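Quick note on numbering: the sequence shown equals residues 10 to 361 in the numbering used here.
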Amino acid sequence: MGYTKTEFGKLDNGDKVYRYTLTNSQGVSASFTDLGGIWLTMMVPDREGKLADVVLGYDSVDGILKGPGHPGEPVGRNANRIGGAEFTLNGVKYELEKNSGGKHNLHSGPNYYRDRIWETQVEEEELGTRISFSLFSPDKDQGYPGNADITVSYTLTEDNSLKLDYHMVCDADTVANFTNHAYFNLAGHDSGCAMNQKVWIDADAFTLTDADSIPTGKLESVKGTPLDFTEMKPIVRDIEEDYDQLKWAGGFDHNWALNHPAKELALCAKAVDETSGRGMEVYTDLPGVQFYTANSMSTDMGKGGCVYHKRDGYCFETQYFPNAVNRPEFASSVLKAGQEYKTTTIYKFTVE
């Protein structure tokens with residue numbers, strides 16, 4: 010157990026960026042950078058004990074700042090989409106940047122948290138080595154009200170889990186809805202198409218969307234649709250079905266309404282690569298998960314010069330439902346002044 014710290018690169022202003030690598034007694038490791046608090050690598054074994062890096066991403070400052078897809082990023086203050094790039098809170102309308110289709114806001118861009126150096130603290134805890142990244146987000150940052158203190162922590166445990174804890178306190182009512190945008194490929198980040206891997210999601214319904222991927226407010230049963238993952242199946246099996254939700258999104262890019270009780274930390278999804286035997290379990294206390302199949306991924310800036318193509322990975326973005334701030338029928342993503350936003354997501358890596 011422990012960690013190493015090395016220089017990762019520099020920003021244009023000369024500020025140094027560091028890489029931190031946590032390792033447990035099994036030889037499993039995860040690395041991160043203080044630029045954006047980003048999850049860079051996850052080295053886990055297959056059934057023969059061979060380690061591979063199973064998260065897509067970038068290995069340079071330039072890649073992080075300019076590459077597409079948000080791999081490994083803690084996304085906030087609001088992950089996913091806000092319809093019309095605006096919301097009203099306490100009678101005041103707040104307008105955000107229209108960085109999605111010229112009409113909506115996606116991932117609180119374009120002034121992303123990934124472009125900032127976060128304060129870093131590493132400590133040994135009972136569960137394992139924990140690295141915490143902290144950021145002060147001032148009032149009107151990205152368009153949101155209130156001065157916010159944010160911490161995102163990652164703990165690498167002895168059972169080969171990576172535990173993500175999110176914490177935020179703000180001096181005004183605001184929106185708090187964080188996720189991590191990691192892309193997984195359990196055969197290895199550089200192994201190509203991941204769509205033959207199998208997935209299970211503990212959800213009987215999903216949030217129906219319009220053609221712009223903005224939820225209509227209706228929960229739709231997965232039964233009889235390609236979005237039914239209540240039994241584990243290869244991702245590829247239904248991804249090209251003639252179904253408007255899939256055609257609009259170019260594949261899976263939807264929010265599943267999870268079955269577990271509100272705020273209970275519970276198993277919500279599984280994935281497995283049967284060839285290598287690597288598996289992953291996802292636990293969260295949040296009400297939703299966005300399962301996204303990298304439908305628009307295309308870059309030659311991947312780690313080690315890797316070229317990533319469409320569907321070379323997939324995301325499990327745990328979250329409050331997209332556009333929840335504008336949908337009173339959804340669990341609220343509003344954080345009251347002085348209250349704590351605290352949520353946990355765990356990615357546990359297994360061998361089958």
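Cβ coordinates follow ideal geometry from the N, Cα and C atoms, glycine included.
Note that this is a predicted model, so its numbers are computed, not measured.
Skipping 5 residues on each side, what residues in its chain have a beta carbon closer than 6 Å to that of A365?
No information on residue 365 is available, as it lies outside the stretch 10 to 361 that the chain covers here.
M310 versus V298 - alpha carbon distance
27 Å
Contact set for G201: own chain, Cβ-Cβ below 7 Å, skip 5 residues either direction:
D321
Whether S141 touches T160 by CB criterion (8 Å):
yes
Pull the bridge partners of I223 from the DSSP assignment, please.
In the DSSP output, where bridge partners are listed per residue, I223 has none listed.
Using 10 angstroms around the beta-carbon of P331, count the other beta-carbons present and answer buried if the total reaches 16, otherwise exposed.
buried
Nearest neighbour of A94, chosen from P119, D251 and G76 [CA to CA]
The candidate whose alpha carbon is nearest that of A94 is P119.
Please tell me whether A346 and A185 are closer than 8 Å, where the distance is taken between their beta carbons.
no
Please report how far the alpha carbon of T50 lies from the alpha carbon of S305, in whole angstroms.
Approximately 21 Å between the Cα atoms of the pair.
Would DSSP call K207 helix, strand or coil?
strand
Identified DSSP bridge partners for L171:
L165 and Y356
For the putative contact between T32 and G58, defined by C-beta atoms under 8 Å, what is the C-beta separation to the nearest angstrom?
At roughly 16 Å, the Cβ-Cβ gap does not stay under 8 Å, so T32 and G58 are not in contact.
Beta strand (DSSP E) runs wholly inside the stretch 104 to 155, at least 3 long, in chain order:
128 to 133 and 137 to 146
Rounded to the nearest angstrom, what separates E338 and E229 at their Cα positions?
Straight-line measurement puts the Cα of E229 at about 14 Å from the Cα of E338.
Let me know if K172 comes out buried or exposed under the rule of 16 or more other beta-carbons within 10 Å of its beta-carbon.
By the 10 Å Cβ count, K172 comes out buried.
List the endpoints of the continuous alpha helix (DSSP H) containing Q299.
Element bounds for Q299: not the alpha helix (DSSP H) but the beta strand (DSSP E), G297 to Y301.
Simplified DSSP state of D71, which is helix, strand or coil:
helix
What residues are listed by DSSP as bridge partners for C277?
DSSP output for C277 lists no bridge partner at all.
For G100, count neighbouring C-beta atoms within 10 Å of its own C-beta (all shown protein chains included) and say buried if the count is 16 or more, exposed if not.
exposed
Could you tell me the alpha carbon to alpha carbon distance between G18 and R125, rounded to whole angstroms?
13 Å
Give me the residue from Y301, T359, E16 and T354 with the minimum Cα distance to W265.
Y301
Counted within 10 angstroms of its Cβ, other Cβ atoms place G233 as buried (16 or more) or exposed:
Exposed, since its Cβ has fewer than 16 Cβ neighbours within 10 Å.
Between the stretch 34 to 52 and the stretch 60 to 70, do three or more beta carbon pairs fall short of 8 Å?
Because the criterion of three Cβ pairs below 8 Å is met, the stretch 34 to 52 and the stretch 60 to 70 touch.
Apart from the five residues just before and just after G288, which ones in its own chain have a Cβ nearer than 8 Å to its Cβ?
L195, K279, A280, V281, D282, F358, T359, V360 and E361
7 Å Cβ shell around Y252 - same chain, five flanking residues per side excluded
T234 and P235
Taking a contact to mean a Cβ-Cβ separation below 8 Å, would you say I244 touches Y323 in this structure?
yes
Supposed contact pair V37 and N169 - C-beta distance, whole angstroms, cut 8 Å
5 Å
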